[in-house]
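The numbers in the sequence shown follow our numbering, run straight up by one, and end at 1325. Below is one structure; the comments refer to it alone.
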Amino acid sequence: DKSALRNALELANQNIVTDSYAHETLFQIGAELIRRRHYESALYALGAGTASLEAEGFATVSLSRAYVSETVLTLAMGDTVAASQDFQRVHLQRTSYLSSRECALGEDLIRACDAMDLDALDEARSKTGPHRAALANLEPALRGLVMEIRVSGRAKKEKKNVDVVSKKPAKTASAIAPPAAAPTKPVLSSPKAELSSDDLLKETAASFEEMDDIMNQMGLGDDEEEDDDDDIDLT
């Protein structure tokens, strides 16, 4: 509930380390996490460093750099809404931050991402642009992260230890198609053996007998006509 949350915040505020340069250790941790692309954990570390500076109450320059670092990291995570809310509700509430170069840089970066204006974004992070001094004072890891901010989406993560798998070449049509069957040789009929004279006569006689039988079945036989011709007396 709200009372438990309030008690937890009070307990955290009482245990904030406010020793000199205590925030630098947290910022170094955040920079290392950024190099490792662990943006959420890096934002947590930077937030802890910012809370330490706010508790001191007099580190204006370091606090301005901490605020813009949070803005850059939140934009790199692709959350323009959260970056804009923190900028308006927290960062701008610090009077010393309003006139700083870091405030102008953060404002232009948020405005460009909110409008999805790539030209405005490139101008805001240009090394020769109006915010070159603010960019030069950033941690090198954050300075590189500014160049990776997109107008939409999250900054790319590096791909490490990616095994390159060699791909086999695609099979061609000739390799896929089955081998053509060998052409078959035409089967040649073996020549008939030559018939002897007696066999030839027998085969011819049999053919004639078969023809006679067919003609007799059709009623075209000539036996009766021969008989009729024999009965006619021509004398």
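Backbone N, C-alpha and C define an ideal beta-carbon position, used for all residues, glycine too.
Top-ranked residue by Cα proximity to residue i, from the options
i, options, result
"valine 1162", "Ala1141, Asn1097, Leu1228", "Leu1228"
"alanine 1121", "Ser1142, Leu1133, Asp1169", "Leu1133"
"aspartate 1204", "Val1180, Asp1169, Asp1303", "Asp1169"
"glutamine 1104", "Ser1142, Arg1126, Ala1094", "Ser1142"
"threonine 1140", "Ala1166, Asp1176, Arg1126", "Asp1176"
"aspartate 1209", "Gln1178, Val1241, Pro1230", "Val1241"
Rounded C-alpha distance that separates residue i from residue j
i, j, result
"alanine 1135", "alanine 1156", "11 Å"
"glutamate 1197", "serine 1190", "11 Å"
"alanine 1112", "serine 1152", "12 Å"
"valine 1236", "leucine 1225", "9 Å"
"serine 1216", "leucine 1199", "11 Å"
"cysteine 1193", "serine 1154", "7 Å"
"alanine 1202", "alanine 1173", "12 Å"
"alanine 1102", "isoleucine 1239", "32 Å"
"methionine 1167", "arginine 1127", "10 Å"
Same chain only: Cβ atoms within 6 Å of residue i, ignoring 5 sequence neighbours per side
i, result
"serine 1159", "Leu1136, Leu1232"
"glutamate 1144", "none"
"alanine 1098", "none"
Residues near residue i by beta carbon distance below 7 Å, same chain, minus five either side
i, result
"alanine 1265", "With a pLDDT of 48 at alanine 1265, under the threshold of 50, the modelled position of this residue cannot be trusted; read the value that follows with caution. There are no such residues."
Taking one C-beta from the segment 1221-1240 and one from the segment 1173-1189 each time, how about it: are there three or more such pairs within less than 8 Å?
The answer is no - the segment 1173-1189 does not touch the segment 1221-1240, with fewer than three Cβ pairs under 8 Å.
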